[in-house]
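First to last, the sequence lines map onto chains A and B. Counting with the numbering used here, you get residues 877 to 982 for the letters of the first sequence. Counting with the numbering used here, you get residues 877 to 982 for the letters of the second sequence. No residue lacks a Cβ here, since even glycine has one placed at the ideal position from N, Cα and C. Since this is a predicted model, take the numbers as computed values, not measurements. Below: the structure, in structure tokens.
Protein chains: 2
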Amino acid sequence: MDIQLKRGLLDVCVLAAIKSKDSYGYQIMKDMKPYLELSESTLYTILKRLETANLLTVRTVEHGGRLRKYYHITGAGLKRIEDFKDEWREILSIYRFVTKGDDGNE
Amino acid sequence: MDIQLKRGLLDVCVLAAIKSKDSYGYQIMKDMKPYLELSESTLYTILKRLETANLLTVRTVEHGGRLRKYYHITGAGLKRIEDFKDEWREILSIYRFVTKGDDGNE
DNA sequence: AGCGAATACTTCGCGATATGATGTATATCG
DNA sequence: CGATATACATCATATCGCGAAGTATTCGCT
């Protein structure tokens, strides 16, 4: 996938990965992989950014001798997802603009 | 619209604006405005970038005492649009991932 | 016991890029 | 004559994905 396009989807995608239940970095990576691949450095950067923006909160848990940081989505995080759904209408209209005039077989 | 998301759509959107007939900066701005707003500096930066990448060619035309640069899409430019259609499937799958578990009323 | 792979998170530097600010220049309209 | 529209260019700034490299522990395999 085009890098630029990816940029617009990463944040919401990470939020979606922790929407239904709290999760941690490594698990989020695996959950997102089928939809959108990203490097570890990117994910942890994003998580930090989302935390700073108060779209999620963090709690550290010891698990099998290793530390895990569990991420929990906030109300603002949920709102960010809702906003994305609104943006989706604009994206659809852009998609139609881009494919305008093409045959209907695609 | 979210800036990051915009980034991924700008290039294809500009290409789409010159797909059916050659056009120039100011006109492209007006054509894109209903779908995606962007500043002039951004547009000319993009046009330069697309030219460097051989996705379009430029010819300068005098028009009413002013110079106009007409942009013409290349085969590679058309291919970029086709590639975007392929990416669209991935985008749809991401959209479903993000909205998964929500009520069907949206 | 030895060792590679998986788990788990961090930091740094690089390149790409959207944008506001600013500049240049001409045409049109009141 | 001044405001607005047309038309394009350049620069500095801030943001961000990612590869590279690092730190540590656990687990399966031989």
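Exposure label - residue i; buried when at least 16 CB within 10 Å
{"i": "tyrosine 900 of chain A", "result": "buried"}
{"i": "valine 937 of chain A", "result": "exposed"}
{"i": "arginine 956 of chain B", "result": "buried"}
{"i": "isoleucine 879 of chain A", "result": "exposed"}
{"i": "alanine 892 of chain B", "result": "buried"}
{"i": "leucine 886 of chain A", "result": "buried"}
{"i": "lysine 895 of chain A", "result": "buried"}
{"i": "tyrosine 971 of chain A", "result": "buried"}
{"i": "tyrosine 947 of chain A", "result": "buried"}
{"i": "lysine 943 of chain B", "result": "Position check: residue 943 of chain B holds leucine in this sequence, whereas lysine was assumed. Per the 10 Å Cβ criterion, exposed."}
{"i": "leucine 902 of chain A", "result": "Note that residue 902 of chain A is tyrosine in the sequence shown here, rather than leucine. So tyrosine 902 of chain A ends up on the exposed side."}
Those residues which DSSP pairs with residue i across a bridge
{"i": "leucine 968 of chain A", "result": "The partner list for leucine 968 of chain A (beta bridge, DSSP) is empty, contrary to what the question assumes."}
Under 8 Å by beta carbon: chain B residues contacting residue i
{"i": "valine 937 of chain A", "result": "Within 8 Å Cβ-Cβ: nothing; valine 937 of chain A doesn't reach chain B, min ~24 Å."}
Whole-number beta carbon distance between residue j and residue i, since they are thought to touch under 8 Å
{"i": "leucine 881 of chain A", "j": "glycine 953 of chain B", "result": "Not a contact, Cβ separation roughly 17 Å."}
{"i": "phenylalanine 973 of chain B", "j": "cysteine 889 of chain A", "result": "7 Å"}
{"i": "glutamate 963 of chain B", "j": "methionine 877 of chain A", "result": "6 Å"}
Amino acids of chain A, ordered along the chain, whose beta-carbon sits closer than 8 Å to that of residue i
{"i": "glutamate 927 of chain B", "result": "Per Cβ cutoff of 8 Å: no residues; glutamate 927 of chain B is ~17 Å from chain A at best."}
{"i": "isoleucine 970 of chain B", "result": "Leu885, Cys889, Tyr911 and Leu912"}
Where residue i meets chain A, residues with beta-carbon distance less than 7 Å
{"i": "isoleucine 957 of chain B", "result": "Val974"}
{"i": "isoleucine 949 of chain B", "result": "Correct list: empty, because the minimum Cβ distance to chain A is about 12 Å."}
Listed by chain order, chain A residues near residue i by CB distance under 9 Å
{"i": "valine 890 of chain B", "result": "Here the premise fails: no neighbours, minimum Cβ distance about 10 Å."}
Under 7 Å by beta carbon: chain B residues contacting residue i
{"i": "methionine 877 of chain A", "result": "Glu963 and Glu966"}
{"i": "tyrosine 902 of chain A", "result": "Under the 7 Å cutoff, chain B gives no residues; its nearest Cβ is about 18 Å from tyrosine 902 of chain A."}
Quick one: which unbroken beta strand (DSSP E) runs of 3-plus residues sit fully inside the segment 894-955 of chain B? Chain order, please.
-> 932-939 and 942-949
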